[in-house]
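Asks: Protein chains in written order, with the numbering used here: chain A, 1 to 575; chain B, 1001 to 1658.
Got a structure here, written out as structure tokens. Questions coming.
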Amino acid sequence: MEFSELIKTATVEDVLLSRQGLPDVRGTLCITSHHLLLSSRPRGDLELWLLIRNVDAVEKRVCGSSGSITLRCKDLKVLQLEIPGTEECLNVASSIEALSSVDSVMMLYPFFHRPPSLRLRQGWHPCAPERLFQQLAAQTSRWRLSAVNRDFSACPSYPPAVIVPAAVADDTVAKAARFRQGGRFPVLSYFHAKNGTALLRSSQPLPGPKRRRCLEDEQLLGTVVAEGEDNATTPLSPCRGRPLQESFARLVEACGEPAPSVERWLGRLDSSRWLGHVKAALSTACLAAQCLDREGCSVLVHGAEGTDTTLLVTALAQLILQPACRTLEGFQALLEREWIQVRVVFVMWRRVRVPAHLGALTQPPHGQAGHPFQLRCARSAASPARGKREAPVFLLFLDCVWQLSRQFPFSLEFGEQLLLTLFDNAYASAYGTFLCNSEKERRLCRLRERTPSLWARLEQPEEKHKYLNPLYSHNPLPLWPCGQPQGIQLWHAIPVPERRAQLRPAPSLAGFFLRWIRPCRHLDEAWEEMRRLVQGDKSSLEEGEGKGRAGPSPRLGHGTHAETGTGQGPGVGLG
Amino acid sequence: MEHIRMPKVENVRLLDRLSSRRAVVGTLYLTATHVIFVENGSETRKETWVLHSQIASIEKQATTATGCPLLIRCKNFQVIHLVIPQERDCHDVYISLIRLARPVKYEELYCFSFNPKLDKEEREQGWKLVDLNEEYNRMGVPNNYWQISDVNRDYGVCDSYPTEVYVPKSATAHIIVGSSKFRSRRRFPALSYYCKGNNASICRSSQPLSGFSARCLEDEQMLQAIRKANPGSDFLYVVDTRPKLNAMANRAAGKGYENEDNYSNIKFQFIGIENIHVMRNSLQKMLEVCELKSPSMSDFLWGLENSGWLKHIKAIMDAGIFIAKAVAEEGVSVLVHCSDGWDRTAQVCSVASLLLDPYYRTMKGFMVLIEKDWVSFGHKFNHRYGNLDGDPKEISPVIDQFIECVWQLMEQFPCAFEFNERFLIHIQHHIYSCQFGNFLCNSQKERRELKIKERTYSLWAHLWKNRADYLNPLYRSDHSQTQGTLHPQIAPCNFLYKFWSGMYNRFEKGLHPRQSVTDYLMAVKEETQQLEEELEVLQERLSSLQKSQSGNNKVKSKQQDRNKQFGVYTSNNSLANTPQEYSNDLKSFPSRSPSQGDEDSALILTQDNLKSSDPDLSANSDQESGVEDLSCRSPSGGGCLPSEDSGKDSDEAVFLAG
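Have a look at this one:
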């Protein structure tokens, strides 16, 4: 497939762009393989870029000799293009539709994106921290490395080497695996060193209609909680994909309503059920964390496949309990190991001085271990009914993290901007980090060699400071958030570290759901003031950074709205 | 004291709303001014003090096997749930409290016995802190258009107005008296706010007695005089803050609203704010939502919506925004009234003034604003807040709504106000506490007769003395948000109205953010100030020594240490943090251990032993916020946490902090 086949009209003159809360821009619209570009005419002082992958839905309306296109973006922006010429309008619309739904991963922008300041392979840490393994080994001898899965017979989606309780024999593990969907038997997600409890995850058991039991499965779980501790299995409250996606769509629709009365707004907020999902997710994670920390029992978390809400709960529980996860670096590592790969297991496999019988296993582990981002984040709120596999589970996780950061404003090293950036990149990115659904796919596409890493970008000093929370100070204690409705709020404005250039529309402070809708200059100012207090006037010096980069072209430029540091970089615009 | 049937009851249990498992046993005392609950056995002797005047209702519930439950709801939104072992004791406590909570004469109120150990001169100084004469001068009156009128010097024209009122120069005594006869309760149009920049003004009055067709020449002249006092504009807005239907219904009773045909050059405008009865019921409904045991998200949001509370807050704000816009942008004067002109009118005038004039957003200015629009113009504090036993239908959270409007604005404009949320909460508290004389009675006349200034103390002086606690660290007098008129978002702005859990769930600390950004920034600010002073000293020394570098470097490194210092400080903050009941959504969770749900609700007002042995009851006012202060400001007070395992927790935290 050639991109040029998809682009029916590459350039249209005299297009009018209107956006929420921002002045209209008139100019020339260009469609490239991955970007929509509008340069203002006649002055040409403004170049606005949009990653076409960010388009969630295209609505076209033809009226007389001109037409208009409404683009609903995955990051919830809404753009309106007025295009002279009916044919041009239809062409533009269908080009955008085709380009935004290109199936092949390899055709996506990250494979073409070559940011000048980044090297490929940079930032693709194969979830390194070997410290973690050493820590685990130093802390407990209750776990051992097993080669039960060396030929992937126990579980095709687990790596060959797995950690299992030391007291359980390999054949028991193998039998237990048959009792779990996809063979994903319970594995260690997090070891709570304070009292030696463990957080495990698995897929659902398969008791079948006859309520079959599996002695080996019970035995496997039993040994984790040996020594007379209480065992607890946590039934997850059902945040299944479909309702969650619908909830997300309803909430976004409510946020977009022009001027509802207070009551109507509250009514729609309620009927979207989104906050109820947040509350349930947070409560479940807290409960799991509480069992580990307070009641000294180990916890097994499982959903159906063990790749959605399961990860949500295990990742949140670690954030609650483990101060190391609350730094920028620690949070990235948490995402890598809980959402993208399954690190503990994986690390084991890498760490081991491979015994002879494992020697052959240098090929990658198969199957899906982490969250299937490509499936789940294919569509955002504008198209609730299109697919059955979309679900904003990751957004729900980010929202829960935001709730934590609101209740504990000093305890997370990163700020809201990071959460927003992560969302944006999970849904449409210039980086390869969230591409594909599994490690297997990632390896097939050679993501590491062929796409830049988002983490590498976030680690660049001039980027990094935008994501840091200046109020952060290390908090060694668990964060027990409030799970009552009064403690949970719509992800609204809290100050985030970002400055706006004059032309650049970046209403960053209105939280997630209202960020393009609600102007919030005053909160911006509050942020500045806060920063000024905490850091002195340093921030004002950094303001000019990143500007004045050489004229960008869509192929060379950095391509997403994550790119807010530059004055005119591609993708910063159209917002 | 004769009303106290039962001064002391032992083995009383104080229940926790969020967790029935976490009850504490202690002794209940009734004193002439307070209900005091002292916890047994605990080393810190946790105490809960409640002023009788804060008690809104007492409910005795059916006796159970464990005793007789008694539910005390307070006007500052605290709810105290006691279980008294003997039904008879409970009955005695109940009867005593019913009487104590409803004093029949002013002399029974706490402010007449409260003694903060200030001498006479200090007391007088305190009362002089807020001076309305000074305030009118600050606004720029008297001037060519406005003068002070002594027509009401003996309260002869209107007994609920102050003696000194500003009226247009062209309004003669004849016009004023004539107009007053055509206005409900004779509350004639008088100046509330004057805008020096463009001569536009906000005036206030009650409704006209127009019925279906009545006219009054003097009243028409009065409005014309107000319009003419603003030469830049050729008309006058008359804003009736009632819903149109209510205003029309009033016509049948010979009251009503201005007929545009009879008054020259007015533009008449209704802004529908509901009456005190609707507001009372709305608050009641919202508080029921706040009191729900483990509500689902939906219960909460539905309840909030159903109460209509935020809708009412928005209506008041909208009226204020309309008036501020008329004055600041159109340069048109506005006359505001409702029915009697002492509830909605006070709310709306003060919101508009706050939006218009940055001075009212300072601490001192806010005191002045309340003094001007509420106290002096005869807002009926005694009736609205039930200080003395009276008609329950007169009670309504009128000033509470104004205070919430200010909070909603603070949320939108974080840098615009010199004071913080705590300041608002403490003012609300003292409006009900009757500990200071400011808000006694229904009018200036009554206060003068009672000789309030000679017999009680002023809240403003008390707050001013402790102003360091009330500062907003983000406020800077040269910041853009502190200049000129505030322009709140008009549309779409309904997302902006948020539930204020800091007020309505004030005593349930578990529901609030565990770390206070305000306090942290305040500490940083103070620290920075100290360092700057230090820097200055060093620089002076430096220049005198003519030596470079060394001094400066020292300061720099110290600045970096600061973060470390605060690191300890903030980690201690989270000490007030233990798990809560998380299983409410998850009905099927099997194993629950008793240690669960040990969340540190601050239902209890604590004060440390030092304070409680001190008869100086000014400590009591602070003690209400004591938990708040302790948990977020002085970490060493962590021992006051009433949770069962707080001992364990604080050990851990202290250890870590050390």
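Beta carbons: idealized from backbone N, C-alpha and C, even for Gly.
If you're wondering where the values come from, they're calculated on a predicted model, not measured in any experiment.
What residues in its chain sit with their C-beta under 6 Å from that of B:R1251, if we drop five residues either side in the sequence?
Replies: G1211 and F1212
Asks: I'd like the span of the alpha helix (DSSP H) that includes A:A146, first residue to last.
Replies: The question names Ala, yet the displayed sequence has Ser at residue 146 of chain A. Looking at the DSSP string, A:S146 is not in any alpha helix (DSSP H); the run it does join, the beta strand (DSSP E), is W143 to S146.
Asks: Using a cut-off of 8 Å between C-beta atoms, extract the partners of A:A301 located in chain B.
Replies: In the sequence under discussion, the amino acid at residue 301 of chain A is Val, which differs from the Ala named in the question. Ordered by position in chain B, no residue passes the 8 Å Cβ test against A:V301, which lies about 12 Å from the chain.
Asks: Closer than 8 Å, Cβ to any Cβ of chain A: which residues of the segment 1465-1488 of chain B, in chain order?
Replies: P1473, L1474, R1476, H1479, S1480 and Q1481
Asks: Comparing C-alpha positions only, which one of A:N437, A:D399 and A:G432 sits nearest to A:L419?
Replies: A:D399
Asks: Please report whether the beta-carbon of B:E1532 lies at a distance below 8 Å from any beta-carbon of chain A.
Replies: no
Asks: Quick check: what's the CA-CA separation for A:L199 versus A:Q318?
Replies: 9 Å
Asks: Step through the CB atoms of chain B and report whether any lies within less than 8 Å of the CB of A:E218.
Replies: no
Asks: Determine the DSSP secondary structure at A:D270, reduced to helix, strand or coil.
Replies: A:D270: helix per DSSP, three-state reduction.
Asks: Counting along the chain, where does the alpha helix (DSSP H) carrying B:C1434 start and finish?
Replies: B:C1434 -> no alpha helix (DSSP H), and no H or E assigned at all.
Asks: Short check: CB of B:C1195 to CB of B:Y1504, under 8 Å?
Replies: no
Asks: Closest Cβ-Cβ distance between B:S1296 and chain D: below 8 Å?
Replies: The chain labelled as chain D is not found among the protein chains of the depicted structure, namely A and B.
Asks: Note down the Cα distance separating A:Q20 from A:A93, rounded to an integer number of angstroms.
Replies: 20 Å
Asks: Beta-carbon of A:S540 versus every beta-carbon of chain B: anything under 8 Å?
Replies: Bear in mind that the predicted position of A:S540 carries a pLDDT of just 37, short of 50, making it unreliable; the figure below should be weighed with that in mind. For A:S540, the answer is no, since every Cβ of chain B falls outside 8 Å of its Cβ.
Asks: Taking the CB atoms as reference points, tell me whether B:Q1207 and B:H1337 lie closer together than 8 Å.
Replies: yes
Asks: From which residue to which residue does the alpha helix (DSSP H) around A:T310 run?
Replies: T309 to L321
Asks: Given this structure, state the Cα-to-Cα distance separating B:V1167 from B:N1420, to the nearest angstrom.
Replies: 34 Å
Asks: Using a C-beta cutoff of 8 Å, does A:P497 count as contacting chain B?
Replies: Confidence in A:P497 is poor, its pLDDT being 29 and thus under 50, which makes the residue's placement unreliable; the coordinate value appears in the next sentence. Taking 8 Å as the CB threshold, A:P497 stays off the interface with chain B.
Asks: Looking at the C-beta of A:E525, does it have a partner C-beta in chain B at a distance below 8 Å?
Replies: yes
Asks: Answer yes or no: does any C-beta atom of chain B fall closer than 8 Å to that of A:F414?
Replies: For A:F414, no Cβ of chain B is located within less than 8 Å of the residue's own Cβ.
Asks: Alpha helix (DSSP H) containing B:N1382: first to last residue?
Replies: First-last of the alpha helix (DSSP H) with B:N1382: F1381 to R1384.
Asks: So, at 7 Å on beta carbons, what are the nonlocal neighbours of B:D1234 in its own chain, with the 5 sequence-adjacent residues on each side left out?
Replies: N1265
Asks: Strictly under 8 Å for the Cβ-Cβ distance: is B:C1415 near chain A by that measure?
Replies: Yes, its Cβ sits closer than 8 Å to a Cβ of chain A.
Asks: What distance in whole Å lies between the Cβ atoms of B:G1378 and B:S1160, which are believed to be in contact at a cut-off of 8 Å?
Replies: Confirmed, about 3 Å.
Asks: Once the 5 residues before and after B:V1157 are set aside, which same chain residues still bring their CB inside 8 Å of it?
Replies: Correct list, in chain order: V1151, I1176, V1177, S1180, R1186 and F1188.
Asks: CB A:P476 to CB A:P243, shorter than 8 Å?
Replies: Taking 8 Å as the Cβ cut-off, A:P476 and A:P243 do not qualify as a contacting pair.
Asks: Could you tell me the boundaries of the beta strand (DSSP E) in which B:V1398 lies?
Replies: Not the beta strand (DSSP E): B:V1398 falls in the alpha helix (DSSP H), residues V1398 to Q1412.
Asks: At which residue ranges does the segment 1437-1518 of chain B contain complete beta strand (DSSP E) runs of 3 or more residues, listed in the order of the chain?
Replies: none
Asks: Please report the distance separating the alpha-carbon of A:R180 from that of A:R389.
Replies: Going by the C-alpha atoms only, they are around 21 Å apart.
Asks: Mapping DSSP to helix, strand and coil, what is B:L1028?
Replies: strand
Asks: Could you tell me the distance, in whole angstroms, from the CA atom of A:G276 to the CA atom of B:W1302?
Replies: 12 Å
Asks: With distances taken from CA atoms, which of B:S1113, B:L1496, B:I1323 and B:E1135 is nearest B:E1454?
Replies: Nearest option by C-alpha distance: B:S1113.
Asks: Quick test of the definition: if touching needs 3 or more C-beta pairs under 8 Å, does the segment 1363-1373 of chain B touch the segment 1258-1278 of chain B?
Replies: no
Asks: In chain order, what residues of the same chain lie with their CB nearer than 6 Å to the CB of A:S18, ignoring the 5 residues before and after it?
Replies: Within the same chain, A:S18 has close Cβ partners D24 and Q80.
Asks: Does DSSP put B:W1302 in a helix, a strand or coil?
Replies: Of the three classes helix, strand and coil, the one that applies to B:W1302 here is helix, per DSSP.
Asks: Note down, one range per segment and in chain order, each alpha helix (DSSP H) of at least 4 residues found wholly within the segment 1105-1172 of chain B.
Replies: 1120-1128 and 1132-1139
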